[in-house]
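**Student:**
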Amino acid sequence: MEVGILTVSDKGAAGEREDRSGPAIREIMEAAGARIVRTRVVPDEPEAIKAALLAWSDAGVDLVLTTGGTGFSPRDRTPEATKAVIERDAPGLAEAMRLAGLKATPTAMLSRAAAGIRKSTLIVNLPGSEKAVRESLAAILPALPHGVEILKGAAAECGQGKK
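Numbering (my numbering), first residue to last: 41 to 203.
#1: State the beta-bridge partners of R158 as determined by DSSP.
#2: For G270, tell me which candidate among A95, M149 and P146 has the shortest Cα-Cα distance.
#3: Return the chain-ordered list of same chain residues with a C-beta closer than 6 Å to the C-beta of V164, the five sequence neighbours on each side being excluded.
#4: Quick test of your reading: P167 and T79, contact by CB under 8 Å. State the CB separation rounded to the nearest angstrom.
#5: List in chain order: all unbroken beta strand (DSSP E) runs of 3+ residues lying wholly within the segment 80 to 130.
#6: Where K203 and I190 are concerned, what is the direct C-alpha to C-alpha distance, given to the nearest angstrom?
#7: Counting along the chain, where does the beta strand (DSSP E) carrying E58 start and finish?
#8: Residues bridged to L166 by DSSP?
#9: For G201, collect the residues of the same chain with a Cβ closer than 7 Å to its Cβ; drop the 5 residues on either side in sequence, then sort them by chain order.
#10: Starting from L46, trace the beta strand (DSSP E) both ways and give me its first and last residue.
#11: Suppose you measure from the CA of M41 to the CA of R138; what does that come to, to the nearest Å?
#12: Taking the alpha-carbon of G55 as reference, which of V81, L46 and R152 has the nearest alpha-carbon?
#13: R75 bridges to which residues according to DSSP?
#14: Using beta-carbon positions only, say whether V48 and D84 come within less than 9 Å of one another.
#15: Would G145 be called buried (16 or more neighbouring beta carbons within 10 Å of its own) or exposed?
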């Protein structure tokens with residue numbers, strides 16, 4: 041599975057803050073056997089976010105994981121940028137992340153993360169903190185390889201139990 045990691049952070053893009061969530065995503069995904077093929081840090085600017093999502097999905101990256109920009113701050117626009125480029129929603133992923141996060145903190149319900157599909161690329165918004173990234177990926181990682189296989193047309197019959 042080829043993965044792109046897009047960190048959305050004004051301070052990170054300006055070199056004023058170390059990105060910890062992007063490297064955490066890399067660590068987790070590589071341990072799961074994924075190959076990281078793109079990484080980038082962009083400011084909380086919808087056009088910059090959309091440009092990266094479009095370029096990476098149009099290049100055929102299997103999975104794009106964003107981190108940051110999913111909260112209530114006026115600059116948090118990652119879900120809106122994501123929704124502007126996806127062709128189909130995948131709401132169960134964001135719902136699973138929020139549910140898992142609620143087990144650790146009641147503020148997890150404030151996440152506005154989105155997930156969806158553009159062409160054959162799955163795009164998932166993760167929170168911006170390293171801790172929340174780890175919790176969110178733990179919740180959805182078991183389903184990601186199968187979801188990507190389905191998108192790529194490589195999965196066998198879905199929902200068919202063994203006989």
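For every residue, glycine included, the Cβ atom is placed at its ideal position computed from N, Cα and C.
**Tutor:** In brief:
#1: T161
#2: This structure does not reach residue 270, given that the chain is present from 41 up to 203, and the question cannot be answered.
#3: L105, L133 and A155
#4: That belief does not hold up - the Cβ atoms of P167 and T79 are roughly 18 Å apart, past 8 Å.
#5: Listed in chain order, the beta strand (DSSP E) runs fully inside the segment 80 to 130 are 103 to 107, counting runs of at least 3 residues.
#6: Residue placement at K203 cannot be trusted, given a pLDDT of 39 that sits under 50; the coordinates are not used to answer.
#7: Looking at the DSSP string, E58 is not in any beta strand (DSSP E), and its letter there is neither H nor E.
#8: T107
#9: Here G201 scores only 46 on pLDDT, less than 50, and its place in the model should not be relied on; the value that follows carries that caveat. If we look at G201 and ignore the five residues flanking it on each side, it has no Cβ neighbours.
#10: E42 to V48
#11: So the alpha carbons of these two residues sit roughly 24 Å apart.
#12: V81
#13: E42
#14: yes
#15: It is Thr, not Gly, that sits at residue 145 in the sequence shown. Classification for T145: exposed.
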